[in-house]
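Below is one structure, written out as C-alpha coordinates, with a few remarks after it.
Residue numbers (full-length UniProt numbering): 1 to 261.
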(Lines of atoms letter the chains of each structure in order from A and count residues from 1; the text may use other names and numbers.)
(Lines give C-alpha, C1' and ligand atoms only; values in the text may rest on other atoms or scores of the structure.)
Protein backbone atom coordinates (compact mmCIF):
# COMPACT_ATOMS: atom_id res chain seq x y z
CA UNK A 1 0.00 0.00 0.00
CA UNK A 2 1.28 3.46 -0.96
CA UNK A 3 0.43 6.27 1.45
CA UNK A 4 -0.28 9.73 0.09
CA UNK A 5 2.31 12.38 0.88
CA UNK A 6 1.36 14.96 -1.74
CA UNK A 7 -1.07 17.80 -1.10
CA UNK A 8 -2.13 20.22 -3.81
CA UNK A 9 -2.26 23.89 -2.87
CA UNK A 10 -5.56 24.68 -1.21
CA UNK A 11 -8.22 26.66 -3.04
CA UNK A 12 -9.89 29.51 -1.17
CA UNK A 13 -13.66 29.13 -1.08
CA UNK A 14 -16.59 29.70 1.25
CA UNK A 15 -16.72 27.00 3.97
CA UNK A 16 -18.78 23.98 2.99
CA UNK A 17 -21.87 23.40 5.12
CA UNK A 18 -23.98 20.48 6.19
CA UNK A 19 -27.69 21.46 6.42
CA UNK A 20 -28.89 22.67 9.80
CA UNK A 21 -30.13 19.91 12.07
CA UNK A 22 -28.00 17.24 10.43
CA UNK A 23 -24.77 15.56 11.54
CA UNK A 24 -22.86 13.31 9.15
CA UNK A 25 -20.36 10.58 10.05
CA UNK A 26 -18.26 9.52 7.01
CA UNK A 27 -16.20 6.36 7.49
CA UNK A 28 -13.11 5.48 5.45
CA UNK A 29 -11.94 2.21 3.89
CA UNK A 30 -12.61 -0.76 6.19
CA UNK A 31 -10.99 -3.57 4.16
CA UNK A 32 -12.21 -6.51 6.20
CA UNK A 33 -11.41 -5.06 9.63
CA UNK A 34 -14.67 -5.94 11.34
CA UNK A 35 -12.98 -5.51 14.70
CA UNK A 36 -12.13 -1.87 13.96
CA UNK A 37 -15.59 -1.26 12.50
CA UNK A 38 -17.21 -2.49 15.72
CA UNK A 39 -14.98 -0.22 17.80
CA UNK A 40 -15.60 2.82 15.59
CA UNK A 41 -19.38 2.32 15.49
CA UNK A 42 -19.40 2.23 19.29
CA UNK A 43 -17.47 5.50 19.37
CA UNK A 44 -19.91 7.03 16.88
CA UNK A 45 -22.88 5.91 18.97
CA UNK A 46 -21.33 7.56 22.04
CA UNK A 47 -20.65 10.73 20.07
CA UNK A 48 -24.18 10.83 18.64
CA UNK A 49 -25.74 10.53 22.09
CA UNK A 50 -25.20 14.26 22.69
CA UNK A 51 -27.43 15.47 19.86
CA UNK A 52 -31.01 15.31 18.66
CA UNK A 53 -29.91 16.13 15.12
CA UNK A 54 -30.65 13.76 12.30
CA UNK A 55 -27.51 11.60 12.16
CA UNK A 56 -26.44 10.16 8.83
CA UNK A 57 -23.59 7.70 8.42
CA UNK A 58 -21.85 7.39 5.05
CA UNK A 59 -19.49 4.48 4.38
CA UNK A 60 -17.04 5.39 1.61
CA UNK A 61 -16.50 1.92 0.11
CA UNK A 62 -13.84 -0.81 0.18
CA UNK A 63 -15.47 -3.00 2.80
CA UNK A 64 -13.85 -6.19 1.50
CA UNK A 65 -10.36 -7.60 0.81
CA UNK A 66 -7.03 -7.62 2.66
CA UNK A 67 -8.35 -7.79 6.24
CA UNK A 68 -9.42 -11.06 7.81
CA UNK A 69 -13.20 -10.61 8.20
CA UNK A 70 -14.79 -9.17 5.08
CA UNK A 71 -17.75 -11.50 5.60
CA UNK A 72 -18.36 -9.99 9.03
CA UNK A 73 -18.13 -6.46 7.65
CA UNK A 74 -20.66 -7.16 4.89
CA UNK A 75 -22.99 -8.91 7.32
CA UNK A 76 -22.90 -5.88 9.62
CA UNK A 77 -23.40 -3.33 6.86
CA UNK A 78 -26.17 -5.25 5.15
CA UNK A 79 -28.14 -5.81 8.33
CA UNK A 80 -31.72 -4.68 7.88
CA UNK A 81 -32.43 -3.49 11.42
CA UNK A 82 -32.85 0.30 11.47
CA UNK A 83 -32.35 0.32 15.24
CA UNK A 84 -28.98 -1.40 14.87
CA UNK A 85 -27.92 1.06 12.18
CA UNK A 86 -28.87 4.24 14.01
CA UNK A 87 -26.05 5.98 15.90
CA UNK A 88 -27.05 6.54 19.51
CA UNK A 89 -30.55 5.94 20.87
CA UNK A 90 -32.84 4.63 18.12
CA UNK A 91 -35.88 6.34 19.62
CA UNK A 92 -34.12 9.71 19.60
CA UNK A 93 -32.74 9.16 16.09
CA UNK A 94 -35.64 7.48 14.35
CA UNK A 95 -34.65 9.03 11.01
CA UNK A 96 -31.00 8.03 11.27
CA UNK A 97 -29.73 6.39 8.08
CA UNK A 98 -26.75 4.56 6.71
CA UNK A 99 -25.55 5.04 3.13
CA UNK A 100 -22.99 2.55 1.87
CA UNK A 101 -21.14 3.54 -1.32
CA UNK A 102 -19.43 1.39 -3.92
CA UNK A 103 -15.64 1.03 -3.74
CA UNK A 104 -13.29 -0.34 -6.37
CA UNK A 105 -12.78 -3.53 -4.34
CA UNK A 106 -16.51 -4.27 -4.29
CA UNK A 107 -16.61 -3.66 -8.04
CA UNK A 108 -13.65 -6.01 -8.58
CA UNK A 109 -15.26 -8.69 -6.43
CA UNK A 110 -18.55 -8.54 -8.32
CA UNK A 111 -16.84 -8.57 -11.72
CA UNK A 112 -14.59 -11.49 -10.78
CA UNK A 113 -17.36 -13.64 -9.32
CA UNK A 114 -19.82 -12.90 -12.13
CA UNK A 115 -17.28 -13.96 -14.76
CA UNK A 116 -17.05 -10.46 -16.25
CA UNK A 117 -13.37 -10.26 -15.26
CA UNK A 118 -10.49 -12.60 -14.53
CA UNK A 119 -10.47 -13.74 -10.88
CA UNK A 120 -6.71 -13.65 -10.44
CA UNK A 121 -6.13 -9.86 -10.22
CA UNK A 122 -8.84 -9.57 -7.57
CA UNK A 123 -7.50 -12.55 -5.64
CA UNK A 124 -4.03 -10.98 -5.58
CA UNK A 125 -5.45 -7.64 -4.35
CA UNK A 126 -7.09 -9.16 -1.29
CA UNK A 127 -9.84 -11.30 -2.76
CA UNK A 128 -8.24 -14.46 -1.42
CA UNK A 129 -8.61 -13.10 2.12
CA UNK A 130 -12.22 -12.18 1.43
CA UNK A 131 -13.06 -15.70 0.25
CA UNK A 132 -11.23 -17.21 3.20
CA UNK A 133 -13.52 -15.23 5.52
CA UNK A 134 -16.42 -17.09 3.87
CA UNK A 135 -14.70 -20.44 4.38
CA UNK A 136 -13.23 -20.77 0.87
CA UNK A 137 -9.48 -21.42 0.51
CA UNK A 138 -8.46 -20.54 -3.04
CA UNK A 139 -5.18 -22.46 -2.65
CA UNK A 140 -7.14 -25.71 -2.82
CA UNK A 141 -8.08 -25.06 -6.44
CA UNK A 142 -5.63 -25.85 -9.24
CA UNK A 143 -5.72 -26.62 -12.93
CA UNK A 144 -6.91 -24.85 -16.07
CA UNK A 145 -10.45 -24.43 -14.72
CA UNK A 146 -9.28 -22.88 -11.43
CA UNK A 147 -11.25 -19.67 -12.04
CA UNK A 148 -14.51 -21.56 -12.49
CA UNK A 149 -13.80 -23.64 -9.39
CA UNK A 150 -13.20 -20.50 -7.36
CA UNK A 151 -16.37 -18.84 -8.66
CA UNK A 152 -18.49 -21.91 -7.98
CA UNK A 153 -17.15 -22.24 -4.42
CA UNK A 154 -17.63 -18.51 -3.78
CA UNK A 155 -21.20 -18.48 -5.09
CA UNK A 156 -22.03 -21.44 -2.87
CA UNK A 157 -20.45 -19.90 0.24
CA UNK A 158 -21.43 -16.21 0.06
CA UNK A 159 -25.02 -15.49 1.15
CA UNK A 160 -27.32 -14.18 -1.57
CA UNK A 161 -28.14 -11.21 0.67
CA UNK A 162 -24.48 -10.18 0.61
CA UNK A 163 -24.42 -10.18 -3.19
CA UNK A 164 -27.68 -8.22 -3.28
CA UNK A 165 -26.19 -5.64 -0.90
CA UNK A 166 -23.02 -5.27 -3.02
CA UNK A 167 -24.89 -4.96 -6.32
CA UNK A 168 -27.10 -2.10 -5.15
CA UNK A 169 -24.29 0.12 -3.79
CA UNK A 170 -24.50 3.64 -5.27
CA UNK A 171 -21.45 5.52 -6.51
CA UNK A 172 -22.06 8.78 -4.65
CA UNK A 173 -24.30 10.74 -2.32
CA UNK A 174 -24.62 14.50 -1.83
CA UNK A 175 -25.49 16.20 1.46
CA UNK A 176 -25.50 19.99 1.56
CA UNK A 177 -22.22 21.34 0.21
CA UNK A 178 -20.56 17.91 0.41
CA UNK A 179 -20.18 15.21 -2.23
CA UNK A 180 -19.27 11.73 -0.96
CA UNK A 181 -17.68 9.03 -3.13
CA UNK A 182 -15.04 6.34 -2.82
CA UNK A 183 -12.02 7.59 -4.77
CA UNK A 184 -12.78 11.13 -5.91
CA UNK A 185 -14.04 12.96 -8.98
CA UNK A 186 -12.66 13.92 -12.38
CA UNK A 187 -11.57 17.59 -12.03
CA UNK A 188 -13.19 19.90 -14.54
CA UNK A 189 -16.17 17.60 -15.11
CA UNK A 190 -19.54 18.60 -13.66
CA UNK A 191 -20.50 16.57 -10.61
CA UNK A 192 -23.66 15.30 -12.29
CA UNK A 193 -21.54 14.03 -15.21
CA UNK A 194 -19.04 11.95 -13.23
CA UNK A 195 -18.57 8.31 -14.26
CA UNK A 196 -18.68 5.41 -11.82
CA UNK A 197 -15.23 4.35 -13.04
CA UNK A 198 -13.74 7.66 -11.89
CA UNK A 199 -15.75 7.73 -8.66
CA UNK A 200 -14.24 4.40 -7.56
CA UNK A 201 -10.79 4.40 -9.23
CA UNK A 202 -9.38 7.91 -9.76
CA UNK A 203 -6.31 8.86 -7.77
CA UNK A 204 -3.55 11.41 -8.61
CA UNK A 205 -5.55 13.37 -11.19
CA UNK A 206 -7.95 14.15 -8.35
CA UNK A 207 -5.73 14.29 -5.28
CA UNK A 208 -3.24 16.62 -6.99
CA UNK A 209 -5.92 19.03 -8.16
CA UNK A 210 -6.24 22.41 -6.38
CA UNK A 211 -9.57 23.16 -8.11
CA UNK A 212 -12.78 24.09 -6.37
CA UNK A 213 -15.03 21.20 -7.44
CA UNK A 214 -18.27 22.99 -6.62
CA UNK A 215 -18.71 20.89 -3.49
CA UNK A 216 -16.21 19.62 -0.94
CA UNK A 217 -15.42 16.02 -1.87
CA UNK A 218 -15.25 13.42 0.93
CA UNK A 219 -13.44 10.27 -0.18
CA UNK A 220 -11.18 7.36 0.70
CA UNK A 221 -9.14 5.08 -1.63
CA UNK A 222 -5.79 6.88 -1.26
CA UNK A 223 -4.42 5.99 2.19
CA UNK A 224 -2.77 8.68 4.30
CA UNK A 225 -1.34 8.50 7.80
CA UNK A 226 -3.93 11.01 9.07
CA UNK A 227 -7.31 12.21 7.82
CA UNK A 228 -6.64 15.01 5.32
CA UNK A 229 -8.89 18.04 5.89
CA UNK A 230 -8.35 20.22 2.81
CA UNK A 231 -10.41 23.07 1.40
CA UNK A 232 -11.64 21.16 -1.64
CA UNK A 233 -11.63 17.60 -0.26
CA UNK A 234 -11.41 15.40 2.82
CA UNK A 235 -9.58 12.07 2.64
CA UNK A 236 -10.78 9.62 5.31
CA UNK A 237 -8.70 6.56 4.31
CA UNK A 238 -6.05 5.92 6.96
CA UNK A 239 -5.05 2.43 5.79
CA UNK A 240 -7.00 0.57 8.46
CA UNK A 241 -5.94 -2.96 7.56
CA UNK A 242 -2.25 -2.04 8.03
CA UNK A 243 -2.33 0.81 10.55
CA UNK A 244 -5.17 -0.51 12.74
CA UNK A 245 -6.66 3.00 12.49
CA UNK A 246 -10.14 3.21 10.98
CA UNK A 247 -11.19 6.83 10.72
CA UNK A 248 -14.38 8.85 10.51
CA UNK A 249 -14.90 12.53 9.79
CA UNK A 250 -17.80 14.17 11.62
CA UNK A 251 -19.48 17.00 9.68
CA UNK A 252 -21.91 19.43 11.26
CA UNK A 253 -22.65 22.95 10.02
CA UNK A 254 -19.26 24.32 8.88
CA UNK A 255 -17.29 22.15 11.32
CA UNK A 256 -15.31 19.00 10.61
CA UNK A 257 -13.66 16.84 13.26
CA UNK A 258 -12.22 13.33 13.36
CA UNK A 259 -12.95 10.15 15.30
CA UNK A 260 -10.69 7.14 14.84
CA UNK A 261 -9.91 3.81 16.45
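For glycine and all other residues, C-beta sits at the position ideal for the given N, C-alpha and C.
- Rounded to whole angstroms, the gap between the alpha carbons of residue 25 and residue 145 is 44 Å.
- Assigned with DSSP and collapsed to three states, residue 227 falls in coil, not helix or strand.
- Taking each of 248, 256, 161 and 240 in turn and checking the Cα distance to residue 68, the smallest one comes out for 240.
- Burial of residue 102 is indicated by the presence of at least 16 other C-beta atoms within 10 angstroms of its C-beta.
- Here residue 153 has 136 as same chain residues with Cβ atoms under 6 Å from its own Cβ, once five neighbours each way along the sequence are excluded.
- For residue 38, there is no enclosing beta strand (DSSP E); the enclosing alpha helix (DSSP H) has its first and last residue at 34-48.
- About 7 Å separates the CB atoms of residue 115 and residue 151; that is less than 8 Å, so the two are in contact.
- Membership of residue 234 in any alpha helix (DSSP H) is not indicated; the residue belongs instead to the beta strand (DSSP E) covering 233-235.
- Three or more beta-carbon pairs drawn from the stretch 69-78 and the stretch 34-51 are found closer than 8 Å, and the two stretches are therefore classed as touching.
- Inter-residue distance for residue 57 and residue 143 is about 44 Å (C-alpha atoms, whole angstroms).
- In this structure, residue 21 keeps its C-beta atom at 8 Å or more from the C-beta atom of residue 60.
- Annotated three-state conformation of residue 191 is helix, per DSSP.
- In this structure, residue 235 and residue 220 form a Cβ contact; the two beta carbons are roughly 7 Å apart against a cut-off of 8 Å.
- Ranking 181, 226 and 192 by CA distance to the CA of residue 206 puts 181 first.
- With respect to the 8 Å criterion, residue 166 and residue 183 are not classified as neighbours on the basis of their beta carbons.
- Straight across, the Cα-Cα distance linking residue 159 with residue 17 is about 39 Å.
- Shortest Cα-Cα distance from residue 129 to any of 23, 242 and 31 involves 31.
- Selection 65, 140, 42 and 76 evaluated against residue 112 yields 65 as nearest (Cα-Cα).
- Between the C-alpha atoms of residue 163 and residue 76 there is a straight-line separation of about 14 Å.
- For residue 99, the enclosing beta strand (DSSP E) begins and ends at 97-100.
- Residue 193 and residue 141 have their alpha carbons spaced roughly 42 Å apart.
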